[in-house]
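For reference, the structure discussed in these notes is given below.
Protein chains: 2
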Amino acid sequence: MKEIASWMKETGPHGDIVLGTRCRLARNLAGVPFPGGASRDQLREVMNKVSAVVPKLQKLGGFAFHEMGTMDALERQVLVEEHLVSPSHTENPQHKAVLLSDEANTSIMVNEEDHLRIQVLKPGLQLEQAWQLATEIDDLLEAQLDYAFDLQSGYLTSCPTNAGTALRASLMFHLPALRRVKKVQEVLGTVSKFGLTVRGLYGEGSDIWGNVFQLSNQITLGQSEEETIEHLARFADQILHSERQAREYLLEEDRKLATEDWLYRSYGILRNARTITSQEAMELLSDLKLGVDLGVIPLGDPQCLKQLMVQIRSAHLQRMMGQPLPVQERDRLRASLLRDTLNNKA
Amino acid sequence: MKEIASWMKETGPHGDIVLGTRCRLARNLAGVPFPGGASRDQLREVMNKVSAVVPKLQKLGGFAFHEMGTMDALERQVLVEEHLVSPSHTENPQHKAVLLSDEANTSIMVNEEDHLRIQVLKPGLQLEQAWQLATEIDDLLEAQLDYAFDLQSGYLTSCPTNAGTALRASLMFHLPALRRVKKVQEVLGTVSKFGLTVRGLYGEGSDIWGNVFQLSNQITLGQSEEETIEHLARFADQILHSERQAREYLLEEDRKLATEDWLYRSYGILRNARTITSQEAMELLSDLKLGVDLGVIPLGDPQCLKQLMVQIRSAHLQRMMGQPLPVQERDRLRASLLRDTLNNKA
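Here the protein sequences come in this chain order: A and B.
Per the numbering used here, the first sequence starts with residue 86, numbered consecutively.
Per the numbering used here, the second sequence starts with residue 86, numbered consecutively.
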């Protein structure tokens, strides 16, 4: 786990606007209380059962079983920053675990809110592919484990709003142009009417940082997985279209200069700041990514941008330095990393 | 007049804090009404008398007589930006003139508020030198012209507040550190009690731009020229001391990083902006000058900074392009000039 998860550093289809795709399936074992109500012994039993099936997953590539309790706080936080575990999965880490694929594009949280949360992450817009892989993993696990399922409610989940398919498909959109032209609300404000929901970078309750918006399905009952995926894909198309329109607008004759000015100023600050918070760094990197995607700012290695968006986060920064660091020192090192990377890649 | 006045591009004593020194003497011809009350013929007569004595000034270097009415608006504005004529001297330019030394460090406005306003400008803190030269010019003129003078009021002037010595000595201070630590008011707020006055970059009624403050004597009656100069010099010493203290404070261990961050961000914007107003450019150049003077930002040719502070002004920019330009175009060219100069000199 010393590398950054590949889905976070690679660029996928529609990578100028969609940073990544995630499909998550929630599953529980029959006859065992949900984690919130289970005893220590029962949680341990779930861990043992899951760790025993790891070898069965090898046909999909290497997987490793990590107990959350044996990691240090920094390692756990790195997983959160790569979206491989949820923030809540790092709290009370005893009797929690995560199964990670070698490339860290797949993670299975054990004893989070549900016994199992299978997550597949892909760069760019890859709903079908992510869902397919999640399903394959699910099938392999289901062949070994006895899932809690009933015909009326589908897969049973700790929180009833997940029951049914227990599928949550999410797209991580980068929408700097829509925000610039103040149309985010117009485009995303109505999603709940369509059974979808929008959140910030780190999911529920998290702020919007760096113009990254997560769009997910909200409905899991009375809708097939295929329908969920298809519905989200259709909506994603509309968002892509709106963001592209906003980008074209920003490059129109009479506002191109203002757009270039805005983006280059951000680039200038990124290459000159001596101390910077992760939030400001995300905002400026968002501007720079837009500049590169619009062809306004040439960057020798545009790939470094998506990578920087992860490297500048606090846990990654501290892992890079090999130790926990006070906030001020992190802000200083973050600025230094940005300068070094961008002045070399420019 | 195609070059920038040498006092504006050179650095003088205490040039890290004092951009320039100006000594101005107001004089009027006896028996002719002040310009505000004079007829066209009388104004013309003053012009003729002054232009006739130009050869007598040659022992101090070359001088040329320019009628304001024969210049185009851009040329007149360039003179204002170099502080060689006052803004009001460009209004109704008929029957107004200016005598300029070859290096444009000396200017004599004819028919401004008074018949003659002799101005000597020097880079840095050079009160004695500027006053000496002004006096030499004054002596040469007085030998040829009959000045309005009486024993009680001294030199008579259009505005009674100038009567007496009719000397106004000014220092142009660059006080970015005092402003940063919010002590400008503390240091300059009491000057009127000491018979001094503070103004912005372009004198009376002008805003403070780029942390440039003009300090001048207010009293001209009942005080000798020597006393005026000495008094101002003493006060200047105090300001220099306060600004240097503030600069040391900004470099103290626990705030050095924040100072570097602030100054480098400004430098980054200067080297990246695609459009910029003259006011913002002045503010950022002020930051950059502080960065260079503090030894925080190395600049291959620090001299270019003082020059840029003039070149970015609207009339200079338009003269450089050889034509009047709309505001938007000026803002674009200003950004381009800053990038070209600073990216080459860095």
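Note that CB positions come from ideal geometry on N, CA and C, so glycine has one too.
As the structure is a prediction and not an experimental result, all values here were calculated from the model.
Asked                                                                                                                                 : Found
Which listed residue (A:L402, A:F298, A:P98, A:A137) has its alpha carbon closest to that of E368 of chain A                          : A:F298
Where T191 of chain B meets chain A, residues with beta-carbon distance less than 8 Å                                                 : Within 8 Å Cβ-Cβ: nothing; T191 of chain B doesn't reach chain A, min ~40 Å.
Contact under 9 Å by Cβ, E197 of chain A with R359 of chain B                                                                         : no
Sequence-distant residues of the same chain with beta carbon closer than 8 Å to L159 of chain B, five excluded per side               : A400, Q403, R404, P409
CB contact check: Q364 of chain A to chain B, cutoff 9 Å                                                                              : no
Coarse secondary structure for K268 of chain B, derived from DSSP in three states                                                     : coil
Those residues which DSSP pairs with Q396 of chain B across a bridge                                                                  : According to DSSP, which records beta bridges pairwise, Q396 of chain B is partnered with nothing at all.
Validate contact between the segment 115 to 127 of chain B and the segment 361 to 380 of chain B using beta carbons, cut 8 Å, 3 pairs : no
Where the alpha helix (DSSP H) containing S136 of chain A begins and where it ends                                                    : 125 to 138
Residue from A:N296, A:I314, A:R265, A:L225 whose Cα sits closest to the Cα of G280 of chain A                                        : A:I314
Buried/exposed call for D425 of chain A, threshold 16 Cβ in 10 Å                                                                      : exposed
Continuous beta strand (DSSP E) stretch holding A182 of chain A: start and end                                                        : 182 to 186
Presumed contact (8 Å Cβ cut-off) between N200 of chain A and L114 of chain A, rounded CB distance                                    : A small fix is needed here, since residue 200 of chain A is His in this sequence, not Asn. Right, the Cβ-Cβ distance comes to about 5 Å (below 8 Å), so this counts as a contact.
Proximity below 9 Å, CB of K207 of chain A to CB of R107 of chain A                                                                   : yes
V139 of chain A versus R319 of chain A - alpha carbon distance                                                                        : 35 Å
Chain-ordered residues of the segment 331 to 354 of chain A with a beta carbon less than 8 Å from chain B                             : L342, A343, E345, D346, Y349, R350, Y352, G353, I354
Strand pairing of T282 of chain B, partner residues [DSSP]                                                                            : B:S301
Cβ neighbours of L210 of chain B in the same chain (closer than 7 Å, five flanking residues each side left out)                       : G97, P98, H99, V103, T106, L256, A321
Contacts of R356 of chain B in chain A (Cβ-Cβ under 7 Å)                                                                              : G353
Minimum C-alpha distance to L306 of chain B - residue among B:A248, B:M394, B:E312                                                    : B:A248
Q214 of chain A, enclosing alpha helix (DSSP H) - first and last residue                                                              : 212 to 227
Nearest-angstrom Cα separation, counted from M93 of chain A out to L145 of chain A                                                    : 20 Å
Closer than 9 Å at the beta carbon, the chain B residues around T360 of chain A                                                       : L342, A343, E345, D346
Bridge partner(s) assigned by DSSP for Q204 of chain A                                                                                : A:R109, A:S192
Neighbour flag for R129 of chain A against chain B, beta carbons, 9 Å                                                                 : no
Beta carbon proximity, R417 of chain A to chain D, threshold 9 Å                                                                      : Included in the structure are the protein chains A and B, with no chain D among them.
Residue-level contact to chain A via CB, A262 of chain B, 9 Å cutoff                                                                  : no
Short CB-CB distance (under 9 Å) between Q413 of chain A and chain B                                                                  : yes
DSSP-derived helix/strand/coil call for R253 of chain B                                                                               : strand
9 Å Cβ cutoff met for V170 of chain B and M132 of chain B                                                                             : no
Integer-rounded CB distance, given that L348 of chain B should sit under 8 Å from V376 of chain B                                     : A small correction: the amino acid at residue 376 of chain B is Gly; Val does not occupy that position in the sequence shown. Contact flag correct, Cβ pair sits at about 4 Å.
Secondary structure of H401 of chain A, DSSP reduced to three states                                                                  : helix
Nearest to L185 of chain B (by Cα), restricted to the options B:P261, B:A228, B:R202, B:G122                                          : B:R202
Contact check, R415 of chain B vs L335 of chain B, beta carbons under 9 Å                                                             : no
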